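Student:
Number of protein chains: 4
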Amino acid sequence: MTETMTLKKLNTCSSQDFIAAMAEVFEHAPWVAEAIVTERPFEHVDALHTAMLGKVLALQSDAMIKLLSGHPELAGAHARLGQMTKDSVREQGGLSLQTLNEGDARQWDALNLAYRDKFGFPFILCISRHSRMSALREFEARLKNDRQTELRLALSEIGRITRLRMAARIADHGMLGLTGVLSTHVLDTANGRPAEGVRVQLYDVQDDGARRLLVEATTDMRGRTAKPLLSGMPLRIATYELVFHVGDYFLKAGNIKGDWPFLEVIPVRFNIKDPEGNYHVPLTVTPWSYSTYRGQ
Amino acid sequence: MTETMTLKKLNTCSSQDFIAAMAEVFEHAPWVAEAIVTERPFEHVDALHTAMLGKVLALQSDAMIKLLSGHPELAGAHARLGQMTKDSVREQGGLSLQTLNEGDARQWDALNLAYRDKFGFPFILCISRHSRMSALREFEARLKNDRQTELRLALSEIGRITRLRMAARIADHGMLGLTGVLSTHVLDTANGRPAEGVRVQLYDVQDDGARRLLVEATTDMRGRTAKPLLSGMPLRIATYELVFHVGDYFLKAGNIKGDWPFLEVIPVRFNIKDPEGNYHVPLTVTPWSYSTYRGQ
Amino acid sequence: MTETMTLKKLNTCSSQDFIAAMAEVFEHAPWVAEAIVTERPFEHVDALHTAMLGKVLALQSDAMIKLLSGHPELAGAHARLGQMTKDSVREQGGLSLQTLNEGDARQWDALNLAYRDKFGFPFILCISRHSRMSALREFEARLKNDRQTELRLALSEIGRITRLRMAARIADHGMLGLTGVLSTHVLDTANGRPAEGVRVQLYDVQDDGARRLLVEATTDMRGRTAKPLLSGMPLRIATYELVFHVGDYFLKAGNIKGDWPFLEVIPVRFNIKDPEGNYHVPLTVTPWSYSTYRGQ
Amino acid sequence: MTETMTLKKLNTCSSQDFIAAMAEVFEHAPWVAEAIVTERPFEHVDALHTAMLGKVLALQSDAMIKLLSGHPELAGAHARLGQMTKDSVREQGGLSLQTLNEGDARQWDALNLAYRDKFGFPFILCISRHSRMSALREFEARLKNDRQTELRLALSEIGRITRLRMAARIADHGMLGLTGVLSTHVLDTANGRPAEGVRVQLYDVQDDGARRLLVEATTDMRGRTAKPLLSGMPLRIATYELVFHVGDYFLKAGNIKGDWPFLEVIPVRFNIKDPEGNYHVPLTVTPWSYSTYRGQ
């Protein structure tokens, strides 16, 4: 990735350096950066982004389709063969392309084909906000739209993609609403204190129930993890499972003893629908009961 | 299995019929039934059981070991080859012998060998109260005992085995403390009413997290299942997972709409330690929160 | 009150005895009983009630108003002076007439006057289902209705009043939907068992926050009271407060020690709106947390 | 009260000014300030306090008793007549002396007399940490101690009193552990969001159940009050009641309608035992259920 620059530097560097820095924000469309270089300085990064996106929105129909067509197919053959820009490769990482089996690959290929056939441009999705499951559901739903709606949605997704790419390039970007937070805390209501030393795991869960460990942490004396379980990026739309190892905790606390405690490992399964949302999912727990809820 | 008889009939039938009915209560020891036939009538089934067990407890050392040795090894080669009494076959059913892989089989064989080597009689466990996991843990723990303790525990387990076998043979047995109950109910605290029509599944969970569906039911207008999830038998000592499909319920109730509801499928994982216990595990739930506890 | 009789006896006794038994079911209208005496036998008590009410519903306008006018005013001067039928006296008991101060009395008198002035008959309410607060609110709301609506509501309330009076006179009445139930139980989720020995008090709460003790009980080994807190009668529409003395319980249980436990006395305040409803208001509690909900 | 000064100024001002500022920290004992004036500068306020307290702890027996005797009786005749230092008047404010009836006054006088009679000096308590109820209980408990214990406790309380007085005089005092916090928040788990606009009241509760309103606030869009309910001072040891007006909230939210909602006003009663503690008492609530706990 290009190194990050400050907005100040972007505003004052040579045209060439500015274009180099912003060239890949819009996929295969360095001309967007070129088109606004003389409009510098920009007061905020949001203003810079708005200016670039404005050039795209102003395109004539043919040029627009050409720009849309520059985007790689999701999990398509190109993706699987690694023939994508570095940004796209990184962004599609959440799809676990390397683990796609042949059946999956055929399903994606069929969707990509059907979409391009119906609309004349590839399916565009800000994949950083999605898991394989949610991307698939979105794909299937959007295939049913009309062309006008899809043009609008494609541009909206390009807005999301390019905001994230811009933020990744600018050191002090100050752009709001790009990332979400998932956090937890554990309160021991049998002893009336935060539960310290509880092992917590976060998994993502596939349609078939298969789980993949994302993060593991241990609660501190405030019953919290040192940092949020997820933060600094959009939260992928997906099913998650938090697992709290409370059996060990209550054994050590002296509340229970022996084998087969009633509660040993507590799974809390939930969906995240809003990638930029604030999800706080606490656990209040005794050896015999627990509660959880979506807090904020 | 022998057909069930009433206690009244057992008290008044011919000696031959009585012995036939009770012969297999003690494994490979029809003489126990013979020894008490003249003590009839028995006022309660418990009195009958106590009389039979008394004959066993009164045995001299050699005879006692012989009786213990009549019991089949748990998940041993005999079990796997089907060379057991019909009662033993049925009781060992919970061990899922048919799914034992070679590694497992070797582990059981090694334990059986070590036990018999140390104590001079086979490991005896009332397997109807156990899962494969709990039987294994129990086996490993008991291997560390001294012989005196194991003699006592073996007889205690035989007491449990034979009480269950007797209950299965006598129509109006009236024996207490043989079985446990696992039940649930679902209360919708967003709408202030029992949650009707919630699909509920009960799984048992292996050490490696693999789950096996035991029961599936749907809650009725009282938020309960038509009958307890488990009842009429000892509850196997094991890890269980209740799964409540609340997403569909709240969608239908109109509380939520669209994809990716925060709560869709709620797993509640717990251990059962007391096979004869009463476990009530309710769920109070809204689209955004839930609580569960061990009730009774 | 007349002694209770069985339906069978009512169906077969002399006309005179039947009329004597039923004479006061409709206030100051023994003719209603007389009018149906020849229709005996009745298969169910509900059929008997329907027959009597039918005679009232069939009345011409003038006769109807005369019947309505036979009902005493609520908390009116007659009530305060004790010039009512025994049934009315008993039923108005919940209004705590003896504690009405002069201001209250004036308010009731004014309402009674305004109502009679507007509609030409007294305000009729099945007072067994009401508290002073709910009766007052109902009175004020109904004063705003038109005469047609009030005629209908007055007859509906007479239906309720007379069903209760009939049930009180017939030993095996079998009438459904006459009474409600308020019950509780206390679950100790710190120790995983029903909370035994918790003192529970039920108060009714006035608009000004003043409370009056209705029932006091102690939980048994199931965490329940020996009988429901309220049952066998309509639950008065009112604000209630359950008070759970959990401090003493957890002190005795060894979970806490010393003065000033975080939770000592837990008040749970709620309204009952449905006099014939089933209200189960449990408490799940630790020394540091609690939950309650309306169950059923 | 003397105006606040910075520590820097206290370290550099004239001896006279320093003594004037600190003279009343120890009740009727300006000599304590005088005794340390030459030890300036002090690096932290805690060091200053330690130095002053050290002079007191070093006193010979007679001088010590004289110093203790300089403290006014709690709620004694002096207090009621207003013959106290300004600090003492302010600190005893929580005792609601003006509302003491004759019986109360006699009880306090009797305790004061008995204490002075037994120990030879007045009962000393850092009254800012107490309510009338807790002060009374403490008084009765401490009367049972021996003299040695009471000497120690009196000095410990003087340490607390003087730390608070010092903090009140020094602008940037930086003394830790002087104050506590009581806060709340309300989470609407029926709708999955913080409950905004819920009126919250905090009362203190007397032994006889009488309540006095301390604070009233309304939750904001985060479900929290703009500032903690109590903070910046020690929390008086006492019984408190939080009252949440959730009926209005859920009516406005559209979850319920009509009169007599199940939950209308939720009282949460709890004790505070640790004046310097952090008490977070949240409410998670639906129209039909709620939970609360001590968080931190």
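Residue numbers (numbering that gives the first Met the number 0), protein chains in the order written: chain A, 0 to 295; chain B, 0 to 295; chain C, 0 to 295; chain D, 0 to 295.
From the three backbone atoms N, C-alpha and C, an ideal C-beta is built for every residue, glycine too.
Remember, predicted model here, so these are calculated numbers, not experimental data.
Going by beta carbon distance, what residues of the same chain come within less than 7 angstroms of Gly-222(B), once the five residues before and after it are set aside?
Tutor: Correct list, in chain order: His-184, Val-185, Leu-186, Pro-193, Ala-194, Glu-195.
Student: Would you give the residue range spanned by the beta strand (DSSP E) that Glu-215(B) belongs to?
Tutor: That run of the beta strand (DSSP E) goes 210 to 217.
Student: Determine the direct distance from the alpha carbon of Pro-266(A) to that of Pro-29(A), and round the result to whole angstroms.
Tutor: Distance between the alpha carbons of Pro-29(A) and Pro-266(A): 47 angstroms.
Student: Less than 8 angstroms between CB atoms is the rule here; does Thr-307(C) satisfy it with respect to chain A?
Tutor: The question about residue 307(C) has no answer, for chain C in this structure spans 0 to 295.
Student: Compare the Cα-Cα distances from His-27(C) to each of Val-242(C), Lys-85(C), Val-199(C) and report the closest residue.
Tutor: Cα-wise, what sits closest to His-27(C) is Lys-85(C).
Student: Got a sec: which bits of the stretch 166 to 193 of chain C sit with their beta carbon under 8 angstroms from any beta carbon on chain B, in order along the chain?
Tutor: Answer in chain order: Leu-186, Thr-188, Gly-191, Arg-192, Pro-193.
Student: Would you tell me roughly how many angstroms separate the C-alpha atoms of Ser-182(D) and Glu-215(D), rounded to the nearest one?
Tutor: Whole-angstrom Cα-Cα distance: 12 angstroms.
Student: Can the beta-carbon of Arg-293(C) be found less than 8 angstroms from the beta-carbon of Ser-130(C)?
Tutor: Result no, Cβ atoms of Arg-293(C) and Ser-130(C) do not sit closer than 8 angstroms.
Student: Along the chain, where does the beta strand (DSSP E) that runs through Ala-237(B) open and close?
Tutor: 237 to 244 is the span of the beta strand (DSSP E), which, as asked, contains Ala-237(B).
Student: Measure from the alpha carbon of Trp-287(D) to the alpha carbon of each residue in Gly-276(D), Asn-277(D), Leu-262(D), Pro-274(D), then state which is nearest.
Tutor: Here the closest residue by C-alpha is Leu-262(D).
Student: Just the chain A side, please: which residues come within less than 7 angstroms of Phe-269(B) by C-beta, in chain order?
Tutor: In chain order: Phe-261, Leu-262.
Student: Counting only Cβ pairs nearer than 7 angstroms, list the residues of chain B close to Ser-290(C).
Tutor: Simply Ser-290.
Student: DSSP three-state label for His-129(A), please.
Tutor: Of the three classes helix, strand and coil, the one that applies to His-129(A) here is strand, per DSSP.
Student: With 8 angstroms as the threshold, decide whether the Cβ of Arg-164(A) is near any Cβ in chain B.
Tutor: False, the Cβ-Cβ gap to chain B never drops below 8 angstroms.
Student: Could you tell me whether the Cβ of Pro-281(C) comes closer than 8 angstroms to any Cβ of chain A?
Tutor: No, Pro-281(C) does not count as interfacial toward chain A.
Student: So which of Lys-251(B), Arg-141(B), Ile-126(B) has the shortest CA-CA distance to Met-232(B)?
Tutor: Out of Lys-251(B), Arg-141(B), Ile-126(B), Ile-126(B) has the C-alpha closest to the C-alpha of Met-232(B).
Student: In whole angstroms, give me the CA-to-CA distance for Met-0(C) and Leu-52(C).
Tutor: Low confidence applies to Met-0(C): its pLDDT is 46, below 50, so where it sits in the model is not reliable, and the reading given next is rough at best. Going by the C-alpha atoms only, they are around 21 angstroms apart.
Student: Residues of chain G with CB under 7 angstroms from Gly-294(C), in chain order?
Tutor: Annotation note: the requested chain G is absent from the structure, which comprises protein chains A, B, C and D.
Student: What did DSSP end up calling Asp-203(A) once you bin it into helix, strand or coil?
Tutor: DSSP places Asp-203(A) in strand when its eight states are reduced to three.
Student: Sort Arg-198(D), Gly-208(D), Ile-255(D) by Cα distance to Leu-228(D) and report the nearest one.
Tutor: Looking at the Cα atoms, Arg-198(D) is the closest of the given residues.
Student: I need the DSSP call for Met-232(B), collapsed to helix, strand or coil.
Tutor: Looking at Met-232(B) - three-state DSSP - the assignment turns out to be strand.
Student: Excluding five sequence neighbours on each side, which residues of the same chain lie with their C-beta closer than 8 angstroms to the C-beta of Thr-161(C)?
Tutor: Same-chain partners within the cutoff: Val-24, Phe-25, His-48, Met-51, Leu-52.
Student: Comparing C-alpha positions only, which one of Val-88(A), Phe-17(A), Lys-272(A), Pro-281(A) sits nearest to Phe-243(A)?
Tutor: Closest option to Phe-243(A), Cα to Cα, is Pro-281(A).
Student: Can you pull the chain B neighbours of Ile-18(A), defined as C-beta to C-beta under 8 angstroms?
Tutor: By Cβ distance, chain B contributes nothing, its closest Cβ being about 40 angstroms from Ile-18(A), past 8 angstroms.
Student: Taking 7 angstroms as the limit between beta carbons, can you name the residues of its chain near Ile-18(C), skipping five residues before and five after?
Tutor: Closer than 7 angstroms at Cβ, skipping near neighbours: Pro-29, Ala-32, Glu-33, Val-36.
Student: Are Arg-128(D) and Pro-274(D) close, meaning C-beta to C-beta below 8 angstroms?
Tutor: Yes, the pair counts as a contact, with Cβ atoms nearer than the cut-off.
Student: Measure the Cβ-Cβ separation of Thr-283(D) and Thr-188(D) and say whether it is below 8 angstroms.
Tutor: Contact: yes.
Student: Under 8 angstroms between C-beta atoms, does Lys-251(B) make it to chain A?
Tutor: False, the Cβ-Cβ gap to chain A never drops below 8 angstroms.
Student: Return helix, strand or coil for Phe-41(C), following the three-state DSSP convention.
Tutor: Three-state result, Phe-41(C): coil.
Student: If you draw a straight line from the alpha carbon of Gly-253(C) to that of Leu-250(A), how long is it in whole angstroms?
Tutor: For Gly-253(C) and Leu-250(A), the distance between alpha carbons rounds to 18 angstroms.
Student: Is the shortest distance between the beta-carbon of Trp-287(D) and the beta-carbons of chain B less than 8 angstroms?
Tutor: Output row for Trp-287(D): interface = yes.
Student: What do you get for Leu-135(C), buried or exposed, if any count of 16 or more other CB atoms within 10 angstroms of its CB means buried?
Tutor: Buried: at least 16 other Cβ atoms inside 10 Å.
Student: I need the straight-line Cα distance from Gly-276(A) to Gly-179(A), nearest angstrom please.
Tutor: Taking the straight line from one Cα to the other gives about 5 angstroms.
Student: Just the Cα atoms here: how many angstroms apart are Asp-145(D) and Arg-115(D)?
Tutor: Taking the straight line from one Cα to the other gives about 13 angstroms.
Student: In the DSSP assignment, the beta strand (DSSP E) including Thr-283(D) goes from what residue to what residue?
Tutor: That run of the beta strand (DSSP E) goes 282 to 285.
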